[in-house]
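2 protein chains.
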Amino acid sequence: MTNRQIPVGVSARHIHLSQQHVEILFGEGYQLTEMKPLSQPGQYAANETVQVSGPKGTFPKVRILGPARSQTQLEISKTDSFVLGIKPPVKESGDIAGSAPMKLTGPAGEIELQEGAIIAARHIHFHTDDAKRLGVKDKDRLRVRTGGERGVVFENVIARVSDSFALDMHIDTDEANAAAINNGDIAEIID
Amino acid sequence: MTNRQIPVGVSARHIHLSQQHVEILFGEGYQLTEMKPLSQPGQYAANETVQVSGPKGTFPKVRILGPARSQTQLEISKTDSFVLGIKPPVKESGDIAGSAPMKLTGPAGEIELQEGAIIAARHIHFHTDDAKRLGVKDKDRLRVRTGGERGVVFENVIARVSDSFALDMHIDTDEANAAAINNGDIAEIID
Chain A
365 MTNRQIPVGV SARHIHLSQQ HVEILFGEGY QLTEMKPLSQ PGQYAANETV QVSGPKGTFP
425 KVRILGPARS QTQLEISKTD SFVLGIKPPV KESGDIAGSA PMKLTGPAGE IELQEGAIIA
485 ARHIHFHTDD AKRLGVKDKD RLRVRTGGER GVVFENVIAR VSDSFALDMH IDTDEANAAA
545 INNGDIAEII D
Chain B
365 MTNRQIPVGV SARHIHLSQQ HVEILFGEGY QLTEMKPLSQ PGQYAANETV QVSGPKGTFP
425 KVRILGPARS QTQLEISKTD SFVLGIKPPV KESGDIAGSA PMKLTGPAGE IELQEGAIIA
485 ARHIHFHTDD AKRLGVKDKD RLRVRTGGER GVVFENVIAR VSDSFALDMH IDTDEANAAA
545 INNGDIAEII D
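Protein chains in written order, with my numbering: chain A, 365 to 555; chain B, 365 to 555.
Written out as structure tokens, the structure is:
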């Protein structure tokens with residue numbers, strides 16, 4: 365990779381759960397179990413899945429990503445949102461105020477949430493060292509170009525910088541399909 | 365609209381049928397019937413739908429666009445292709461050589477096709493007068509920018525110029541969802 369090239373990770377629909385919600389859905393004292401690690405250090409895809417429902421439809425098995433977080437957050441594509449019949453806003457991860465409602469069903473219980481469903485805003489995780497090398501600051505808005513016949517330039521790609529991040533751009537399945545990008549492909553920051 | 369702004373039409377999955385295939389699916393001598401006109405003069409959404417199947421899944425009611433054409437052609441998004449379990453190439457409309465197989469089922473019969481399923485390459489229809497005004501030639505590759513928080517620049521947008529076209533950019537649902545565009549929104553040709 366040359367200087368401004370970054371690997372792209374395609375995020376399929378997934379959910380983060382609070383420990384309180386883990387226990388409502390899976391039983392008192394239940395702990396999520398790791399199936400495989402993700403690109404970001406300490407994050408993993410759990411063996412557990414949960415059913416997510418909206419007024420129009422259901423996804424029976426949405427993958428849970430661990431570890432448990434302070435807030436429950438569903439991340440879906442706009443295509444998925446039409447299936448469920450909800451209208452989630454495009455938001456940064458962690459910012460669920462005013463996001464869309466959903467119902468979660470697990471083996472031990474169910475939860476009706478008034479908010480928690482978002483379409484995740486496209487973003488790049490930068491380790492602090494990568495950000496320094498590339499001249500990028502936390503919360504910068506970047507333009508990123510993908511190549512090929514179906515190439516696009518994604519605007520307003522949010523930079524997120526932390527010592528705990530590994531360099532990776534995250535887009536959802538609509539964005540990946542629109543650009544004919546596969547997980548692990550390379551894109552380039554153009555400004 | 366200023367000079368280089370164009371309306372965007374979002375194409376949901378649909379199919380064009382040859383008259384021969386209309387008659388296999390709906391019966392001898394059958395003629396498609398118009399439900400509503402499309403943006404391109406003479407083109408219409410038909411009242412008729414057809415079931416489209418692949419190795420992994422089925423869409424029970426895919427809208428037929430009329431009038432009948434010389435070749436049967438299914439146009440779906442990449443997201444749709446995963447549901448069917450086929451791998452259609454990104455192609456210009458009319459270029460179905462080497463495209464993906466599919467099975468069609470209608471009230472009077474069914475057809476197994478070895479090719480015909482494509483992901484339509486993003487394109488703009490220009491009336492000859494619009495093309496002249498904008499300095500665009502048939503088959504030019506353009507870059508088109510959408511606005512807003514989820515803005516993108518689509519590259520390799522194919523110009524199609526004809527006296528029988530009305531000015532309209534056509535993208536599929538993946539592209540629309542990736543850019544948070546709705547039918548009738550405006551985009552801008554940047555070069």
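Don't be surprised by glycine CBs; every beta carbon is placed ideally from N, CA and C.
Hey, how far is the Cα of residue i from the Cα of residue j?
| i | j | result |
| --- | --- | --- |
| Ile379/A | Ile440/A | 9 Å |
| Gly480/A | Thr443/A | 17 Å |
| His491/A | Glu456/B | 41 Å |
| Glu552/B | His489/B | 14 Å |
| Glu398/B | Val525/B | 25 Å |
| Ser375/B | Thr537/B | 6 Å |
| Ser417/A | Leu381/A | 15 Å |
| Lys501/B | Glu412/A | 54 Å |
| Leu477/A | Asp532/A | 30 Å |
| Pro312/A | Tyr408/A | In the structure as shown, chain A begins at 365 and stops at 555. Residue 312/A is therefore absent and cannot be evaluated. |
| Gln384/A | Ile482/A | 20 Å |
| Leu438/A | Arg377/A | 8 Å |
| Gly511/B | Asn367/A | 28 Å |
| Gly458/A | Ser528/A | 16 Å |
| Arg486/A | Ile535/A | 5 Å |
| Ala495/B | Pro371/B | 15 Å |
| Thr436/B | Gly470/B | 14 Å |
| Glu400/B | Pro465/A | Checking the sequence, you will find Lys at residue 400/B rather than Glu. Spanning the two alpha carbons is a distance of roughly 35 Å. |
Is residue j closer than 8 Å to residue i when the C-beta atoms are compared?
| i | j | result |
| --- | --- | --- |
| Ile550/A | Gln369/A | yes |
| Val414/B | Leu389/B | yes |
| Ile460/B | Leu468/B | no |
| Pro452/A | Ser434/A | no |
| Ala543/A | Val516/A | yes |
| Asn547/B | Gly373/B | yes |
| Ile403/B | Ala530/B | Note on identity: in this sequence residue 403/B is Ser, with Ile being the wrong assignment. For Ser403/B and Ala530/B, yes; Cβs fall inside 8 Å. |
Skipping 5 residues on each side, what residues in its chain have a beta carbon closer than 8 Å to that of residue i?
| i | result |
| --- | --- |
| Pro419/A | Leu448, Gly449 and Ile450 |
| Glu519/A | Arg505 and Arg507 |
| Thr422/A | Gln415, Val416 and Leu448 |
| Glu513/A | Ala544 |
| Leu498/A | Asn367, Arg368, Phe490 and Ile553 |
Cβ closer than 7 Å: which chain D residues qualify as neighbours of residue i?
| i | result |
| --- | --- |
| Ser441/A | Any reference to chain D falls outside this structure, whose protein chains are A and B. |
Within its chain, find whatever has a CB closer than 6 Å to the CB of residue i; leave out the 5 residues flanking it on each side and keep chain order.
| i | result |
| --- | --- |
| Lys503/B | none |
| Arg509/A | Val517, Glu552 and Ile554 |
| Val454/B | Ile483 and Ala485 |
If I measure Cβ to Cβ from residue i and keep anything under 7 Å in the same chain, skipping five residues before and after, which residues do I get?
| i | result |
| --- | --- |
| Asp473/A | Sequence check: residue 473/A is Gly here, not Asp. For Gly473/A, where only same-chain residues beyond five positions count, the Cβ hits under 7 Å are Ile388 and Leu389. |
| Leu396/B | Val386, Ala410, Glu412, Ile428, Gly430, Pro431 and Ala432 |
| Gly393/B | Glu387 |
| Gly391/B | Ala472 |
To test your reading of the DSSP string, which unbroken beta strand (DSSP E) runs of 3 or more residues are found completely within the segment 440-490 of chain B? 464-469 and 474-484
Within the segment 499-553 of chain A, ranges of the beta strand (DSSP E) (whole runs, at least 3 residues): 505-509, 516-526, 532-536 and 550-553
With a floor of 3 residues, list each beta strand (DSSP E) that falls wholly inside the segment 379-435 of chain A, ordered by position along the chain. 398-401, 408-417 and 422-433
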